[in-house]
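Residue numbers (my numbering), protein chains in the order written: chain G, 2 to 600; chain P, 109 to 278.
No residue lacks a Cβ here, since even glycine has one placed at the ideal position from N, Cα and C.
These figures come from a predicted structure and were not determined experimentally.
Working notes, beginning with the structure itself.
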């Protein structure tokens, strides 16, 4: 039987190979808890809890609910540690500590005072993907980029530090990752020309320990020209500067608003960088490194061990920020320590997480058409590069030309909504978008703190398919193949959960929590929650009983693009209506719904 | 000169002939054209849609700029999102000068029930150089003069537009 990654990591810890953060490591090893947003350091979103099985999940009931009182999009999910649940909201970024031993009574509430001017500089709604727990503290990265440490018992602020400047378009939507004595945080602002970075703060004092930008001189990006490698070769000096014209890297984007994973064995933190600014590729010649890149950085120093740029010189806004799932799986008959990443660009990547070797790069939606695939020949000059199809190249089309029929759309075959990995089945469960676009780039000028976009987009459901805008798929990352695929009316914008009970959970934009058979994908249960789900499903145990919890609260990118429905401009004049509008199914409102089996 | 529905309506109105369908449309009906840009009798910019659906250049330009600058909050085609209002309505409901003021200076409505903030775009050339374009595009959407999506046909880019764009964008 395959060993679960959790088991491997826990084993490494006990063996004293490295220390993650002791509290996080022991809590993630205990399936009753859910101390960080990703469930564990490896970002598997897998739980060993098995009370809820494929045989009894059909009996699931709502155990209790809680309203956050906030209307905007609710991403992320609740945490559970030591009988307390921590629930958060989008701006104004409230945190509630709920006493699970006292019927969810509120122990404390935190509500920061933030300048509302941050609201409109947040691209795509004021979502926040939640806090993290470590060492008796709750760490939250607010919209205005204030990173705050709260006493988990009282909600008292122990320290706070400012990570960016919202007046320049620097904001935050992401969670943080506690590693050892550090808090790792990213930043948003790719549509505002921010020069984005990842920063480590001292968990106990808030002191900045290191900061690594996505582009710029080697000293800014913390690269060692000799030891930092891409696809096995040292990157050399000025690897980023050489790929930008003049000073453009200073407003280069490469934002870091996604998920972070950590492997105590390699002591590496893994994450991806976003799109280069602007969306008009003609305005920024070059590969624009290291935007659209998978990074593996030393947790102590921030120095990059290896990198891999997935989409050189982006022409479609395919941010590379989606989660990096760490697992030990079979690739070509050999068990490999891999990193699996489902990119916005529609390719599912499997890399050796120790060396950065590229093992698999395959489309996880057959409609992906901007590339014919990645050059997998190590002796080739274009090794590791995707071959771009000219017909769908917005650079080849040029400024003021509308390039049509590009799949996927800018929101990607998958956005940030995280996938899950079950060591039981060896499969990855991936929420996806099934949307294509027309894309017309044009000239824009840069003003600090103002949007810096430079393209106009029309998005519509993938043509000649099932008509829906999403799929929920099971993926074999060793082979790079879809095992099964469930068509969905809307993009699946909810993070998945896999459990030892053989059940996989996810939410839909109409508001359904769905439970499916991890082997077959057969639907076993559904319940319509108060609003559309863009949050991530989690599970915990309390009083010997397994619970499943999810936020509802429609919003985010899905609430922008889909609220009024999409139309296909290529349907021709006279096409009436459009595709299903979310507003026909659901309305605003943030709440938590907790499920359990009947007593 | 191209005859248009609104052109005809304006002609009726000018001649003092009752045209009930457009009586309330003073802010929409084309009164005159100058270098490819259309105006109402009150000198307010407006759109022009030909019989075959051809839109004036400014409406097309507004479509592009809207979807670059406004779309990320206000949704595709001026339809609104889960949190930001449908601007195709605002362009009809609001006076041109109020619309202009909202874009230049922003709007803030923050209280217990609301977290609505529209930023000030006064310093943003990508918006300010094309504000009339965005306005007439949204007015065309709000008046149902053009369908959702990219206008299929457009008038030629006027020389005056090119000159103004170069001067404004620097």
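Ignore the nearest five residues each way along the sequence and tell me which others in residue 187 of chain G's own chain have a CB closer than 6 Å to its CB.
175, 199, 257, 258
Any residues in the stretch 137-158 of chain G with a beta carbon nearer than 9 Å to a beta carbon of chain P? Which ones, in chain order?
none
Tell me which same chain residues have a C-beta within less than 7 Å of the C-beta of residue 213 of chain P, skipping the five on either side of it?
For residue 213 of chain P, where only same-chain residues beyond five positions count, the Cβ hits under 7 Å are 228, 230.
Does residue 229 of chain P come within less than 8 Å of chain G when only Cβ atoms are used?
yes
Could you spell out the range, first to last residue, of the alpha helix (DSSP H) harbouring residue 245 of chain P?
239-250
Restricting to runs no shorter than 3 residues, where is the beta strand (DSSP E) found entirely within the stretch 273-325 of chain G?
294-299, 305-310
Expressed to the nearest angstrom, what Euclidean distance is found between the alpha-carbon atoms of residue 131 of chain P and residue 186 of chain P?
Low local confidence applies: a pLDDT of 42 at residue 131 of chain P is under 50, so the model's placement there is unreliable, and no value is given.
So which residues of chain G does residue 189 of chain P contact, with C-beta pairs closer than 7 Å?
560, 561, 564
Just confirm the distance between the C-beta atoms of residue 78 of chain G and residue 539 of chain G, as a whole number of angstroms; I'd bet it's less than 8 Å.
Right, the Cβ-Cβ distance comes to about 5 Å (below 8 Å), so this counts as a contact.
Could you tell me whether any Cβ in chain P is nearer than 8 Å to the Cβ of residue 382 of chain G?
no
State the DSSP-derived secondary structure class of residue 252 of chain G, mapped to helix, strand or coil.
helix
Helix, strand or coil: how does DSSP classify residue 601 of chain G here?
No answer is possible for residue 601 of chain G: the residues shown for chain G start at 2 and end at 600.
Do residue 196 of chain G and residue 234 of chain G count as a contact pair if the criterion is CB distance below 8 Å?
no
Output needed for residue 361 of chain G: all residues of its chain with C-beta closer than 6 Å, excluding positions within five of it in sequence on either side, in chain order.
351, 481
For residue 177 of chain G, I'd like the list of residues in its chain whose CB is within less than 6 Å of its CB, leaving aside the five on either flank, ordered along the chain.
133, 140, 142, 184, 186
Beta carbon proximity, residue 121 of chain G to chain P, threshold 8 Å:
yes
Using the rule of at least 16 other Cβ atoms within 10 Å of the residue's Cβ for burial, across every protein chain shown, is residue 383 of chain G buried or exposed?
Burial call: exposed.
Report yes or no: is there a C-beta of chain P within less than 8 Å of the C-beta of residue 574 of chain G?
Note on residue 574 of chain G: pLDDT 44, under 50, position unreliable in the model; no value is reported.
Got a sec, what are the start and stop residues for the alpha helix (DSSP H) residue 195 of chain P sits in?
195-201
Using a Cβ-Cβ cut-off of 8 Å, state whether residue 176 of chain P counts as contacting chain B.
Absent from the structure is chain B; the protein chains it does hold are G and P.
Who are the near neighbours of residue 591 of chain G in its chain, counting only those whose CB is closer than 8 Å to its CB and skipping five residues on each side?
Cβ-Cβ distances below 8 Å link residue 591 of chain G to 68, 69, 70, 71, 72, 73, 75, 90, 91, 532, 552, 553, 554 in the same chain, with the five nearest sequence neighbours on each side left out; the list follows chain order.
Between residue 308 of chain G and residue 227 of chain G, how many whole angstroms is the CB-CB distance? I'm expecting something under 8 Å.
Contact doesn't hold; Cβ gap of about 14 Å is too wide.
Cβ contact (3+ pairs, closer than 8 Å) linking the stretch 114-127 of chain G and the stretch 217-226 of chain P
The stretch 114-127 of chain G vs the stretch 217-226 of chain P: in contact.
What are the residues of the stretch 208-221 of chain P that lie near chain G, defined by any Cβ-Cβ distance shorter than 7 Å?
216, 218
Would you please verify whether the beta carbon of residue 135 of chain P is less than 8 Å from any beta carbon of chain G?
No, because no Cβ of chain G sits closer than 8 Å to the Cβ of residue 135 of chain P.
Quick one: list the residues of chain P neighbouring residue 441 of chain G, beta-carbon separation under 7 Å, in chain order.
172
Against chain P, does residue 403 of chain G count as a neighbour if the rule is that its beta carbon must be under 8 Å from one of theirs?
Taking Cβ atoms only, chain P reaches closer than 8 Å to residue 403 of chain G, which makes this a yes.
Along the stretch 153-169 of chain P, what residues have a CB closer than 7 Å to any CB found in chain G?
161
Taking only the alpha-carbon atoms, compute the straight-line gap between residue 379 of chain G and residue 305 of chain G and give it to the nearest angstrom.
Going from the Cα of residue 379 of chain G to the Cα of residue 305 of chain G covers about 22 Å.
4 or more residues per run - each alpha helix (DSSP H) lying fully within the stretch 152-194 of chain P
Within the stretch 152-194 of chain P, the complete alpha helix (DSSP H) runs of at least 4 residues are 165-173, 179-182.
Do the stretch 440-449 of chain G and the stretch 275-289 of chain G meet, that is, are 3 or more Cβ pairs less than 8 Å apart?
The stretch 440-449 of chain G vs the stretch 275-289 of chain G: in contact.
Tell me the DSSP secondary structure of residue 29 of chain G in three-state form.
helix
Endpoints, the beta strand (DSSP E) within which residue 272 of chain P is located:
No beta strand (DSSP E) holds residue 272 of chain P; the alpha helix (DSSP H) holding it covers 267-277.
Roughly how many whole angstroms lie between the Cα atoms of residue 577 of chain G and residue 85 of chain G?
Confidence is the limiting factor: at residue 577 of chain G the pLDDT is only 43, short of 50, which leaves the residue's position unreliable and the question unanswerable from this model.
Distance check for residue 49 of chain G and residue 179 of chain G, CA to CA, integer angstroms please.
22 Å
What does DSSP give as the partner residues of residue 439 of chain G in its beta bridges?
G/459
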